[in-house]
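Residues 895 to 1097 in our numbering are what the sequence shown spells out, letter by letter.
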Amino acid sequence: MNSNGLKHKIREYWNSNVCGSKLSKLPKFSQEYFNELEEIRYKLEPEIYSFAQFTRFHGKKVLEIGIGAGSDFIQWVRAGAKAYGIDLSESAVQHTLKRLELTGLIAEDVRVDDVENLSYEDNFFDLVYSWGVIHHTPDTEKALKEIIRVTKPGGSIKLMLYHKYSIYAFLKYLKYGLLKFRPLRKINNIMYFHQESLGTKAF
Ligand SMILES: C[S@@+](CC[C@H](N)C(=O)[O-])C[C@H]1O[C@@H](n2cnc3c(N)ncnc32)[C@H](O)[C@@H]1O
């Protein structure tokens, strides 16, 4: 499959599975629904707080790539950052805009955009942040070049990517390699076919 075909599939996947949104059964787009998504997210991944350090970026220009359901994005806005958010998925953007509207919070910009071709100018952001995103896009190297391009010299970049030699990847190998009697199956192949959208990588 070529890169455009793969990206189309990735977008389709995330349009029907907005990241983390299945964790709540409450009425979609209600305040209670968003509260529950937020509560569950930071219970499952409390390390995000110390990694992101939201409040350190008060007044700074922050771009979040791959906003998903908007839980981290809302933290940037609450912390007083000049927050910009993008996602390849229209549903993710819709989730985040709805969330901002409900809370009355104002972000600088939220739009559908592709990390491989960012529509922002060079040297624009103090921080580019992205949690669990650029291992999904077909050309991760191009994504990285774009991230560096839009970050100011001396600015910060914070990225979370899947690690090939992690407990998480090992559990995937157990499930889709060893327990399927395919012990020689490579972790990259397992991640490509069995980790969320098609084509996911681990580094
Ligand atoms: C695993 S979710 C993570 C979402 C959010 N950061 C979180 O942690 O909940 C991956 C997100 O990356 C987005 N994504 C995938 N490829 C992308 C691309 N090329 N450009 C922008 N966003 C992309 C998907 O639409 C999806 O919302």
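Think of the CB as a built atom: it goes at the ideal place given N, C-alpha and C, for glycine as much as any other residue.
Collapsing the DSSP output to three states places G899 in a helix. With a threshold of 7 Å, the Cβ atom of W970 does not count as near ligand 1, since no heavy atom of the ligand is closer than that.
In this structure, M1054 keeps its C-beta atom at 8 Å or more from the C-beta atom of K1066.
In this structure, the beta-carbon distance from R935 to S965 falls below 8 Å. Counting C-beta atoms within 10 angstroms of its own C-beta, I1061 has fewer than 16 neighbours from the protein chains shown and is therefore classed as exposed.
Closest option to F948, judged by alpha-carbon separation, among T1094, A973, L931 and K955: A973. Selection S910, F1018, F1097 and F967 evaluated against T1045 yields F1018 as nearest (Cα-Cα). Shown here, F1019 sits in a strand according to DSSP, grouped into three states. Shown here for G1049: same chain residues with a beta carbon closer than 7 Å to its own, the five before and five after excluded, namely F1019, D1020 and L1021 in chain order. With contact defined as three or more Cβ pairs closer than 8 Å, the region 1003-1013 and the region 1028-1047 are in contact. Residue burial is scored here from C-beta neighbours: E933 has fewer than 16 other C-beta atoms within 10 angstroms and is therefore classed as exposed.
Here the region 939-946 does not lie against the region 900-920, with fewer than 3 beta-carbon pairs under 8 Å apart.
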